[in-house]
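**Q** Take the position in the sequence shown, starting the count at 1, then add 13; the result is the number in my numbering.
Every residue gets a Cβ at the ideal spot worked out from N, C-alpha and C, and that includes glycine.
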Amino acid sequence: MSALRTVKSTEFDLLAVRKDFPGLHQKVHGKPLIYLDNAATTQKPKAVIEALNRFYTADCSNVHRAVHALSDRATKSYEDARTIVKQFINARSEREIVFVRGATEAINLVMNSYARPRVKAGDEILISALEHHSNI
14 MSALRTVKST
24 EFDLLAVRKD
34 FPGLHQKVHG
44 KPLIYLDNAA
54 TTQKPKAVIE
64 ALNRFYTADC
74 SNVHRAVHAL
84 SDRATKSYED
94 ARTIVKQFIN
104 ARSEREIVFV
114 RGATEAINLV
124 MNSYARPRVK
134 AGDEILISAL
144 EHHSNI
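1. What does DSSP give as the partner residue(s) for residue 40 in the beta ladder?
2. To which residues of the same chain is residue 116 closer than 6 angstroms at the C-beta, ignoring the five residues directly before and after it?
3. Give the secondary structure of residue 118 by DSSP, where H, G and I count as helix, E and B as strand, and everything else as coil.
4. Give me the Cα-Cα distance between residue 148 and residue 48, rounded to the nearest whole angstrom.
5. Between the alpha carbons of residue 106 and residue 99, how many angstroms are there, rounded?
6. Verify whether the separation of the beta carbon atoms of residue 80 and residue 88 is less than 8 angstroms.
7. Of the choices 31, 92, 72, whose alpha-carbon is the least far from that of residue 58?
8. With a cut-off of 8 angstroms on the beta carbons, I'd call residue 72 and residue 83 a contact; round off their distance for me.
9. By Cβ distance below 6 angstroms, which residues in the same chain neighbour residue 33 in space, the five residues on each side in sequence not counted?
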């Protein structure tokens, strides 16, 4: 296998992206870590680690569940994130953005809200061995 090549500025710079993820700075079996188990959890970029640190040290509170300053700040951050995602994916409304805890919850939400009314007895849903285990 050849060494990684230098990318042109107009191309996606994978090495620059990897630098943002502290968990990818390690080696496994003498080679740079390549992490593909993203359905279970993902490696976090430094900005996310720093944001979580700020939340846990300054704003740790329930979202939408209290009337004090910490909850107000946590709720604002949560809803601001919804707005950022809306803009990023060009959704029509923040109401289209649903945050879930992981792949299993997301798949169950789609199944129960969209597929269950449409899938009838005898229908088949094809999946591969590569799909998330909650699909099986």
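**A** Answer, in terms of the structure:
1. 45
2. 52, 145
3. Assigned with DSSP and collapsed to three states, residue 118 falls in helix.
4. 21 angstroms
5. 7 angstroms
6. Not closer than 8 angstroms, so no.
7. 31
8. 5 angstroms
9. 58, 59
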